[in-house]
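Right, one structure below, let's go through it.
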DNA sequence: TAATATTAGTTCGATATCGTATTATTGAAG
DNA sequence: CTTCAATAATACGATATCGAACTAATATTA
């Protein structure tokens, strides 16, 4: 890679950062008081990929330290949105399952978000998002692998 | 937009979130102890766009509440990386300027980041990033405008 | 010009993040 | 089997984020 290649790459990550910030703020405006994006992220993750995951698995999926996930899960449990059971196969670990209340919160957030999406993103052809996805996925996978490599 | 369009759009923002997380972690690994991504972001902003901005302007540029920026700037000032002077045109506000030490910290971070970028992103054609930029910029601008619209 | 509204920034309190240390459990090595 | 190493989760402490309230200065309006 040549030095002049870094300009667009820095700009790319800069845009990613700002878009993340804007989309997170927008999402949080549609969550119940006291819940923030990571809480929603976990509920969404459990619905999409199913119950039965451990806190560590979830932390890795989100690329956050397990201590952060521990706190996020504690909030969800305290609000009755997930259940935490000791893993019968390994008493050190726990098994996370979403509750019906958790599903309801996720569903309500998505439903109330859709008109906002329409309003903000309606001018874009959905093909733009589809077209951007393969590169983003590849990039994410690559960065993910590099993370724990030496 | 049809209901089935939302799947790819949700996926898109999901990837954005994870990539942001990964790139932020990577950046912070190259910053001096006690500095995090927002600190670097401000230093970078001042170098790229010049001194003479007020805290509120900077907060808006980063889409964060002014209270958050207030704290970020306080840390930078305490470490001697920026100067804060009362705005002679309006005594309520302040003018932010980066110091030489601030420039040095930014420069060192970038220099030490480049080999990492090479290692992780070397397999990508830089054209991929350039090609992705226009849509990201348009999207960011659109979301930004929608933010303070009713 | 005096009273009021608006604006820039900080302070404060509640919660979040994350690194380090700790506890409990399991797995490996002697 | 016992001891030691590795692993899952949590507790703790320091700092960050962000909304609400506050202070100081400027702009508006009566």
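Residue numbers (my numbering), protein chains in the order written: chain A, 635 to 784; chain B, 635 to 784.
Every residue, glycine too, gets a C-beta built ideally from N, C-alpha and C.
Which first and last residues belong to the alpha helix (DSSP H) in which residue i is found?
i	result
residue 663 of chain B	Neither: residue 663 of chain B is in no alpha helix (DSSP H) and is coded neither H nor E.
residue 712 of chain B	700-712
residue 792 of chain B	Chain B is shown only over 635 to 784; residue 792 of chain B falls outside these bounds and no answer can be derived.
residue 680 of chain A	671-683
residue 689 of chain A	689-696
Which residue from the options puts its Cα closest to that of residue i?
i	options	result
residue 734 of chain A	A:727, A:685, A:659, A:637	A:685
residue 775 of chain A	B:650, B:642, B:644	B:650
residue 724 of chain B	B:694, B:754, B:688	B:688
residue 639 of chain B	A:780, A:770, A:705, A:765	A:765
residue 671 of chain A	B:664, B:668, B:667, B:647	B:647
residue 769 of chain A	B:645, B:635, B:637, B:641	B:645
residue 773 of chain A	B:756, B:715, B:665	B:756
residue 673 of chain A	A:729, A:778, A:692	A:692
residue 704 of chain A	A:682, A:683, A:729	A:729
residue 657 of chain A	A:667, A:762, A:748, A:710	A:748
residue 778 of chain B	A:714, A:712, A:660	A:660
residue 712 of chain B	B:771, B:669, B:652	B:669
residue 637 of chain A	B:667, B:767, B:760	B:760
residue 698 of chain B	A:652, A:698, A:767, A:690	A:652
residue 666 of chain A	A:743, A:767, A:771	A:743
Identify, in the order they occur along the chain, each residue of the same chain with its Cβ nearer than 7 Å to the Cβ of residue i, setting aside the five sequence neighbours on each side.
i	result
residue 701 of chain B	none
residue 717 of chain B	731, 733
residue 654 of chain B	none
residue 763 of chain B	none
residue 679 of chain A	692, 695
residue 675 of chain B	696
residue 662 of chain A	670, 671
residue 771 of chain A	none
residue 683 of chain B	none
Interface residues of chain A around residue i at Cβ under 9 Å?
i	result
residue 733 of chain B	Going along chain A, no residue has its Cβ under 9 Å from residue 733 of chain B, so there is no contact; the nearest lies around 22 Å.
residue 649 of chain B	766, 767, 770, 771, 773, 774
Could you spell out where the beta strand (DSSP E) holding residue i opens and where it closes?
i	result
residue 744 of chain A	Unbroken run through residue 744 of chain A is the alpha helix (DSSP H), 734-755; no beta strand (DSSP E).
residue 720 of chain B	716-720
What does residue i reach in chain B if we use C-beta pairs closer than 7 Å?
i	result
residue 764 of chain A	642
residue 639 of chain A	760
residue 781 of chain A	656
Please look up how many angstroms separate the CB atoms of residue i and residue j, rounded, as I've assumed it's under 8 Å.
i	j	result
residue 643 of chain A	residue 751 of chain B	7 Å
residue 754 of chain A	residue 780 of chain B	4 Å
In chain order, what residues of the same chain have a beta carbon less than 6 Å from the beta carbon of residue i, not counting five sequence neighbours either side?
i	result
residue 727 of chain A	688, 721
residue 784 of chain B	Note that residue 784 of chain B has pLDDT 47, beneath the 50 cutoff, so the model's placement of it is unreliable and the number below is only indicative. Closer than 6 Å at Cβ, skipping near neighbours: no residue.
residue 758 of chain B	none
residue 690 of chain B	700
residue 635 of chain B	none
Using a Cβ cut-off of 8 Å, pull out every chain A residue sitting near residue i, in sequence order please.
i	result
residue 674 of chain B	Within 8 Å Cβ-Cβ: nothing; residue 674 of chain B doesn't reach chain A, min ~11 Å.
residue 776 of chain B	754, 755, 757, 758
residue 635 of chain B	751, 752, 755, 756, 760
Who are the Cβ neighbours of residue i in its own chain at under 8 Å, not counting the five residues just before and after it?
i	result
residue 746 of chain A	664
residue 677 of chain A	710, 715, 716, 732, 736, 737, 739, 740
residue 707 of chain A	676, 689, 692, 716, 718, 730
residue 767 of chain A	none
Any heavy atom of the ligand ATP inside 8 Å of the beta-carbon of residue i?
i	result
residue 678 of chain B	Questions concerning the ligand ATP fall outside what the structure shown contains, since it holds no ligand whatsoever.
Using a cut-off of 9 Å between C-beta atoms, extract the partners of residue i located in chain B.
i	result
residue 655 of chain A	654, 696, 697, 698
Strictly below 7 Å CB to CB, what residues from chain A border residue i?
i	result
residue 645 of chain B	767
What in chain B is Cβ-close to residue i, meaning under 8 Å?
i	result
residue 748 of chain A	640
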